[in-house]
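Q: As given, the protein sequences belong to chains A, B, C and D, one line each in that order. If you read the first sequence in numbering that gives the first Met the number 0, its first letter stands for residue 0, the second for the next number, and so on. If you read the second sequence in numbering that gives the first Met the number 0, its first letter stands for residue 0, the second for the next number, and so on. If you read the third sequence in numbering that gives the first Met the number 0, its first letter stands for residue 0, the second for the next number, and so on. If you read the fourth sequence in numbering that gives the first Met the number 0, its first letter stands for residue 0, the second for the next number, and so on.
Number of protein chains: 4
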Amino acid sequence: MAKIKIKRERIKFASDNVAGACPEVLDAILKANDGDSTPYGNDPISTELQNKFSEIFEKEVIVFPTASGTAANALALSTMTPSYGNIYCHKMSHINTDECGAPEFYTGGGKLVTLNGIMGKITAEELDESIGGKGIVHHTQPSSVSITQVCETGEVYQLDEIKKISDVAHKHNLNIHMDGARFANALVSLDTTPAEMTWKSGIDVLSFGATKNGCLAAEAIIFFKKELVGDIAFLMKRAGHLLSKMRFVSAQLDAYISNDVWLRNAKHANKMGKKLSDGLSKHNDIKIAYPTEANEVFAKFPRNKIEHLNSEGYKMNEEELNGKAVRLVAAWNTKDGDVDQLLDTLKNSN
Amino acid sequence: MAKIKIKRERIKFASDNVAGACPEVLDAILKANDGDSTPYGNDPISTELQNKFSEIFEKEVIVFPTASGTAANALALSTMTPSYGNIYCHKMSHINTDECGAPEFYTGGGKLVTLNGIMGKITAEELDESIGGKGIVHHTQPSSVSITQVCETGEVYQLDEIKKISDVAHKHNLNIHMDGARFANALVSLDTTPAEMTWKSGIDVLSFGATKNGCLAAEAIIFFKKELVGDIAFLMKRAGHLLSKMRFVSAQLDAYISNDVWLRNAKHANKMGKKLSDGLSKHNDIKIAYPTEANEVFAKFPRNKIEHLNSEGYKMNEEELNGKAVRLVAAWNTKDGDVDQLLDTLKNSN
Amino acid sequence: MAKIKIKRERIKFASDNVAGACPEVLDAILKANDGDSTPYGNDPISTELQNKFSEIFEKEVIVFPTASGTAANALALSTMTPSYGNIYCHKMSHINTDECGAPEFYTGGGKLVTLNGIMGKITAEELDESIGGKGIVHHTQPSSVSITQVCETGEVYQLDEIKKISDVAHKHNLNIHMDGARFANALVSLDTTPAEMTWKSGIDVLSFGATKNGCLAAEAIIFFKKELVGDIAFLMKRAGHLLSKMRFVSAQLDAYISNDVWLRNAKHANKMGKKLSDGLSKHNDIKIAYPTEANEVFAKFPRNKIEHLNSEGYKMNEEELNGKAVRLVAAWNTKDGDVDQLLDTLKNSN
Amino acid sequence: MAKIKIKRERIKFASDNVAGACPEVLDAILKANDGDSTPYGNDPISTELQNKFSEIFEKEVIVFPTASGTAANALALSTMTPSYGNIYCHKMSHINTDECGAPEFYTGGGKLVTLNGIMGKITAEELDESIGGKGIVHHTQPSSVSITQVCETGEVYQLDEIKKISDVAHKHNLNIHMDGARFANALVSLDTTPAEMTWKSGIDVLSFGATKNGCLAAEAIIFFKKELVGDIAFLMKRAGHLLSKMRFVSAQLDAYISNDVWLRNAKHANKMGKKLSDGLSKHNDIKIAYPTEANEVFAKFPRNKIEHLNSEGYKMNEEELNGKAVRLVAAWNTKDGDVDQLLDTLKNSN
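1. I want to verify the contact list: residues of chain C whose CB lies under 7 Å from the CB of D:P38, in sequence order.
2. What residues from chain C crowd round B:G278, counting only those whose CB sits closer than 9 Å?
3. Could you confirm whether any beta carbon from chain C is found closer than 8 Å to the beta carbon of A:F233?
4. I need the boundaries of the alpha helix (DSSP H) containing A:P22, first residue and last residue.
5. Going by DSSP, what residue range makes up the beta strand (DSSP E) through A:E54?
6. Which value, in whole angstroms, describes the spacing of the CA atoms of A:N184 and A:D339?
7. Whole angstroms is fine: what's the gap from A:S145's alpha carbon to C:T139's?
8. Considering only residues of the stretch 238-289 of chain A, which uninterrupted beta strand (DSSP E) runs meet the minimum length of 3 residues and lie entirely inside it, listed in chain order?
9. Could you tell me the alpha carbon to alpha carbon distance between B:F56 and B:I117, rounded to whole angstroms?
10. Measure the alpha-carbon distance for B:G68 versus A:D166 and round it to whole angstroms.
11. Does the beta carbon of A:C88 sit closer than 8 Å to a beta carbon anywhere in chain D?
12. Quick one: is B:K133 near chain D, going by C-beta distance under 8 Å?
13. Give a yes or no on whether the minimum CB-CB distance between D:S67 and chain C is below 8 Å.
14. Provide the residue span of the beta strand (DSSP E) that contains A:K110, from first to last.
15. Give the DSSP bridge partners of A:H89, in chain order.
16. Let me check one thing: in DSSP terms, what residues is A:H169 bridge-paired to?
17. Under a three-way DSSP split, which group does A:G84 fall into?
18. Does any C-beta atom of chain A lie closer than 8 Å to the C-beta of C:V136?
19. Taking 8 Å as the threshold (C-beta atoms), are B:N264 and B:W331 in contact?
20. To be precise: take each residue of the stretch 223-257 of chain B, compare its Cβ to all Cβ atoms of chain A, and keep it if any distance is under 9 Å. Which residues remain?
21. As an exercise, report each continuous alpha helix (DSSP H) stretch of at least 4 residues that is fully enclosed by the stretch 187-241 of chain B, in chain order.
22. Would you kindly work out how many angstroms separate the C-alpha atoms of B:Y289 and C:L234, rounded to a whole number?
23. Closer than 7 Å, Cβ to Cβ, to anything on chain C: give me those residues from the stretch 99-112 of chain A, in chain order.
24. Determine which residues share a DSSP beta bridge with D:F297 and list them.
25. Indicate whether at least one CB of chain D lies closer than 8 Å to the CB of B:S53.
26. Tell me the residue span of the alpha helix (DSSP H) that contains D:I121.
27. Of the residues B:T46, B:K266 and B:Y105, which one's Cα is nearest the Cα of B:V248?
28. Does D:L76 have its Cβ less than 8 Å from a Cβ in chain C?
29. Which partner residues of A:M177 appear in the DSSP bridge assignment?
30. For C:P38 and D:V17, which I take to be in contact (beta-carbon distance under 8 Å), what is that distance rounded to the nearest angstrom?
31. Whole angstroms is fine: what's the gap from B:V328's alpha carbon to B:E295's?
32. What does the alpha-carbon distance come out to for the pair A:D343 and A:D284?
33. Output the distance between the C-alpha atoms of A:V155 and C:K236, rounded to the nearest integer angstrom.
34. I'd like to know whether the C-beta atoms of D:S276 and D:K304 end up nearer to each other than 8 Å.
35. Taking the beta carbon of A:D159 as the centre, do at least 16 other beta carbons fall within 10 Å, making it buried, or is it exposed?
36. First and last residue of the beta strand (DSSP E) that includes D:I61?
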């Protein structure tokens, strides 16, 4: 592949997307490969997914599988935001900083209005104050809100926080989207139900992430309001995101949400994150930057420790977006020994 | 998945995208899953792909793997076509009729100028006559040409035809793209080399298809001219087509182009196509609509025969785009018995 | 101004846009300049325009003045056509050939599906046959129809022709737009009412042209169906077409449609066109290419006559779009003597 | 005209766009109307404009007249900003808050990265710190900078401030645009030359405003770097901003920049602004919010004074964008008596 400049090259704890797929997901792909099947999502696995997700969310939902989280976010937002619309989001949000302008591309030029928030979360109050200009032809128009769960600092929105933000959005007739790239990690962190964390708290559309937590390339756009689906089927096709052999994306999702695979994976990743966070916090010169509430740990290291870790093969840079905090991410396949090894390496640093 | 209306539901011979992946490709995915790896195409498999494709094409090429053929086409065209640019193509071309306007979306509003061609192919002469208005501010500007190989009628462009069309394109300072969704099928049909069928015949950018011929979801945009690469890396990311676990797309391509897997698969599919075509042509009331030059057979059936086939479980409709001709497609996994069975079923029709 | 390449440089009869504004329109601008006024179309002249146009069209219409015909067309079409939509139009239509892709820009990538028509007009039959693929996710979606009145060959659609085309459009749930750049010329040619030539014949949205027939820069988008207005106010502003001192555009339109100015101007231009056409048709070696039904004359000249005219200062090229026919256009300010002079010049050619 | 909701309806001092055109400009329009002329900016007035602006700016510049300031800004920015590009600007800038997303529309989805600035101006330091992520595929790419002169708080950038900001822009290989909607007002305020305030201070492209200071509808995009012109001619046409009777826009600009009309108008407007500001500042309970450096006065009034003014026919609201400050704008046609009257009215308030 052509050399695309990316932010860094490091493996263990670099991100949860360095991990491969879990065995259950791989098995599902192999099984789906048996025999011919109708293309473009009209196969039995894909159509059945509709029901399975509806069960999980305790509501009839409408599901569109995709292979890409960025596409899921941007497509979801494009059904809720006209070309002259405002999307309110945290200034550090993935849609604002890490998708190379995908929401702007898919909405035909929408504007991301960024909020400062408190740490990684936006607040209902700041959102409320930011929304204005409705109906005035000179101004881009308030259209939608997007929050990230787990958010970009590793914190998890509490149910009442989501509810308050949704209430403000709906008060202004905006729709609200949740970027759930780490949906399962947030869910098990809050020990709540998918329904409670989404539509029961006011969420209208969800990007349901699965790639980071055990799939190869599988996400789902989930609509809790049918009227928001709009023309997304055409927009997906038009963007090249309606894969012909869609059954293989659907098969991943099917295996992922069956038999608690997703919850088990997420619980494990969170546990490893916690273990890592606890270990780091024992060092006086390492400061945990944000509460470790899921599988991501943000910590400020002294320069010598970073250099030592890098000299030992870890590839960690200081994060631009989070000031001086380094991000370490545990995945579904992180082992106790992996955490121990990193902590041991740190001990030998001085 | 939500109900997306699609053209038809039928399995055997419906298309080559109803087939799953071949064993070599599946094995590669399993193997790639072993251990963590750098995301976004900076893993060893993805970077090595650059060299492997360069070998195959006997030239240093620049390769961008994608999971979607529509995306490959539209992204490729977007590097060669400004928002006010003309893309010259056959009126039946996939980019014009079957991608829901993806080239228009990715170019920001480019215009597909359609040519009538002779059967499924455009001609150098018609292209030459159609190009005009260059530099005149009132007119959309001639920018690029796209041909499909194997083309939409199952015919294969001969090398001298490609060369003549490329010459016209280059004479007018346009770049030329090949939609190679069935690249391997054309290649083995012509019994030529990848280099001969592309850059040696003037092609500037290729959408290299692999999904239909044995992969799950893997295509590649291949640039023969470095200066055309432009900003495609940003555009891919922006469109949600830079998958985080890109290694799994690359692994499919790697296996596909190794050990002649792709050529073997294509030869078999073409052979099955030929067998089917020969069998059909023995019926006086069935008319082969276009020469069967690869793995696609277009034939006009009497209505009673179609009804009989459908009653026996085949799901075939009359094709809109090709007048009254039904399209039957053989795939890498079509068996001799599959062809025999269809032909036998026909014999019992009257 | 920077050198923009344009098609030709010639003055008399080159186009009706080489003429300036008529006295009534200029007076209205001077009068509107007296005193301060509310900007952005909220001045009394602009708001009153709504009523004046409603009277003229015998129906409550919604009017958006603009300074540009291309903008009027593209904005009108953008309210009726999604980014993945088809606009059906004549292959020679101004929106397809002379607006540098404005409809594609404003719709976010819509597709102009071109019809061959008979001479310069599309037919209801060809339109009906061309519309297809509705609801199928692979295909761009039938959305709107646009006809030009006076059309690009100088012919005028008859009322029953408009009605038949509108009926087909509505049968397929498409909306229909009329590009009325020479609306007045068509109107007086048909000797009918504005209502009959538009909404009573099924037209949904009109680009009402005034610039060519006596204004400086003034057009109007006129909606006959309120529900089609959509977000056009935001789109206009967003495109920079909501002028701050809009009153001066509105003042032109006000004067233009008052006291039969527009009808008088158009009748005169048509009369001069007829006189020119009649004069030309007396030459055996000049062939009138299309019926002269308004103020445009299309004629095939022998090369020596063109050269003679050019040597005498006329600047006329062979028209690309109309094969070998030269277009000569009479305007509101064309004098009998202008026509006589051209005809005399021709007589002296051999 | 259809009811477009706008922010407020008030006349005197509401904005400088409530004024009509000055006599010299009107005369020029009348004069330009005499005789036929080549359309689309190929008339003598338009072509000569190129030289006249080059003289004024002491450099060969490339000029594109437009009828709209929003279009001038967005078109200018679109030549310097790809669809995935960042435009750095003040959070209160007109392009960010008052053009309904025009820059996003014309760039195909660019991102406005907003700076807090100090009062109404951005600073070189904040700009420098904000630029990042260059070459990293996940991030939108730093592309251009835009400053407004006179800025949105009525302050004027000093030459050294412009120079420092330009230096930062160029250090990062960004191009820099000046929104000069009130260019003349800034120029006479600084008592400098057009060259000094633009390219000699590093500006690459200018939106030269004329509408607010004595024209009907006339602005100009002025390129100081030829290589930035790019495809703007096509983009203008495509957006419907290449008017057919362009000579009338050019004639306005011609008269405006001839015989010091523009400077005289601006000096007068600034003088009236100063007089108003001085008068207001004599009230203890009125606070001038920003230094009055050109023709705009921002002042915080006690509620009872606003109510009194409104009861006397002034239509002033508290400005959203500037907190609690009311904006009062003097124009080229503001009379001493207008200022006296407002101040007298205030005296009678208590």
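In this text, a Cβ means the ideal position worked out from N, Cα and C, and glycines have one as well.
A: By the coordinates alone:
1. By 1-based counting over the fourth sequence, the position of residue 38 of chain D is 39. Near D:P38 (Cβ distances below 7 Å), the residues of chain C are S14, N16 and V17.
2. Looking up residue 278 of chain B in the second sequence gives position 279. By Cβ distance, chain C contributes nothing, its closest Cβ being about 29 Å from B:G278, past 9 Å.
3. Taking the first residue of the first sequence as 1, we reach residue 233 of chain A at position 234. Judged by the 8 Å Cβ criterion, A:F233 is in contact with chain C.
4. For the purposes of this step, residue 22 of chain A is identified with residue 23 of the first sequence, where counting begins at 1. Run containing A:P22: P22 to A31, per the alpha helix (DSSP H) assignment.
5. Residue mapping note: residue 54 of chain A aligns to position 55 of the first sequence, counting from 1. Unbroken run through A:E54 is the alpha helix (DSSP H), P43 to I55; no beta strand (DSSP E).
6. Counting from 1 along the first sequence, the entry for residue 184 of chain A is found at position 185. Counting from 1 along the first sequence, the entry for residue 339 of chain A is found at position 340. Answer to the nearest angstrom: the Cα atoms are 22 Å apart.
7. Residue mapping note: residue 145 of chain A aligns to position 146 of the first sequence, counting from 1. Residue mapping note: residue 139 of chain C aligns to position 140 of the third sequence, counting from 1. Cα-Cα distance, rounded: 29 Å.
8. none
9. To locate residue 56 of chain B, count along the second sequence from 1; it is residue 57. To locate residue 117 of chain B, count along the second sequence from 1; it is residue 118. Straight-line Cα distance between these residues: approximately 29 Å.
10. In the second sequence, counting from the first residue as 1, residue 68 of chain B sits at position 69. In the first sequence, counting from the first residue as 1, residue 166 of chain A sits at position 167. Whole-angstrom Cα-Cα distance: 41 Å.
11. Stepping through the first sequence from its first residue, residue 88 of chain A is reached at position 89. Not an interface residue.
12. Mapped onto the second sequence, residue 133 of chain B falls at position 134. For B:K133, the answer is no, since every Cβ of chain D falls outside 8 Å of its Cβ.
13. Within the fourth sequence, numbered from 1, the residue matching residue 67 of chain D stands at position 68. Judged by the 8 Å Cβ criterion, D:S67 is in contact with chain C.
14. The residue you call residue 110 of chain A lines up with position 111 of the first sequence. From DSSP, the beta strand (DSSP E) with A:K110 extends over K110 to L114.
15. Sequence index remark: in the first sequence, residue 89 of chain A carries index 90 (1-based). Paired residues: A:L114.
16. Here residue 169 of chain A refers to the residue found at position 170 when the first sequence is read from its first residue. Looking at the DSSP assignment, A:H169 forms no beta bridge with any residue, so it has no partner.
17. In the first sequence, the residue the question calls residue 84 of chain A occupies position 85. Correct three-state label for A:G84: strand.
18. Here residue 136 of chain C corresponds to residue number 137 of the third sequence, with the count starting at 1. Cβ-Cβ to chain A under 8 Å: yes for C:V136.
19. Locating residue 331 of chain B in the second sequence gives position 332, where the first residue counts as 1. Locating residue 264 of chain B in the second sequence gives position 265, where the first residue counts as 1. Yes; because the gap between Cβ atoms is below 8 Å, this pair is in contact.
20. V228, I231, A232, F233, L234, M235, K236, R237, A238, G239, H240, L241, L242, S243, K244, M245, R246, F247, V248 and S249
21. 193-196 and 231-237
22. Here residue 289 of chain B is taken as the residue at index 290 of the second sequence, counted from 1. Here residue 234 of chain C is taken as the residue at index 235 of the third sequence, counted from 1. C-alpha separation (whole angstroms): 47 Å.
23. G107
24. As a first step, residue 297 of chain D must be located in the fourth sequence, where it is residue number 298. The partner list for D:F297 (beta bridge, DSSP) reads D:R326.
25. As a first step, residue 53 of chain B is located in the second sequence; it is residue number 54 there, counting from the start. Judged by the 8 Å Cβ criterion, B:S53 is not in contact with chain D.
26. In the fourth sequence, the residue the question calls residue 121 of chain D occupies position 122. It is not in any alpha helix (DSSP H) - D:I121 carries neither H nor E in the DSSP assignment.
27. Numbered from 1 along the second sequence, position 249 holds the residue referred to as residue 248 of chain B. Checking every option, the nearest Cα to that of B:V248 belongs to B:T46.
28. Within the fourth sequence, the letter at position 77 stands for residue 76 of chain D. Chain C contact via Cβ: absent.
29. Taking the first residue of the first sequence as position 1, residue 177 of chain A is located at position 178. According to DSSP, which records beta bridges pairwise, A:M177 is partnered with A:I146 and A:L205.
30. One-based indexing of the third sequence puts residue 38 of chain C at position 39. One-based indexing of the fourth sequence puts residue 17 of chain D at position 18. The pair is a contact, with the Cβ atoms about 6 Å apart (cut-off 8 Å).
31. Your numbering for residue 328 of chain B matches position 329 in the second sequence. Your numbering for residue 295 of chain B matches position 296 in the second sequence. Each residue's Cα considered, the two are about 5 Å apart.
32. Within the first sequence, residue 343 of chain A is the residue found at index 344, counting from 1. Within the first sequence, residue 284 of chain A is the residue found at index 285, counting from 1. Roughly 16 Å separates the two Cα atoms.
33. In the first sequence, residue 155 of chain A corresponds to position 156, counting from 1. In the third sequence, residue 236 of chain C corresponds to position 237, counting from 1. A:V155 and C:K236: Cα-Cα distance of roughly 40 Å.
34. Here residue 276 of chain D refers to the residue found at position 277 when the fourth sequence is read from its first residue. Here residue 304 of chain D refers to the residue found at position 305 when the fourth sequence is read from its first residue. Not closer than 8 Å, so no.
35. Here residue 159 of chain A corresponds to residue number 160 of the first sequence, with the count starting at 1. The residue in question, A:D159, is exposed, as its Cβ has fewer than 16 Cβ neighbours within 10 Å.
36. For the purposes of this step, residue 61 of chain D is taken as residue 62 along the fourth sequence, with counting starting at 1. Element bounds for D:I61: I61 to T65.
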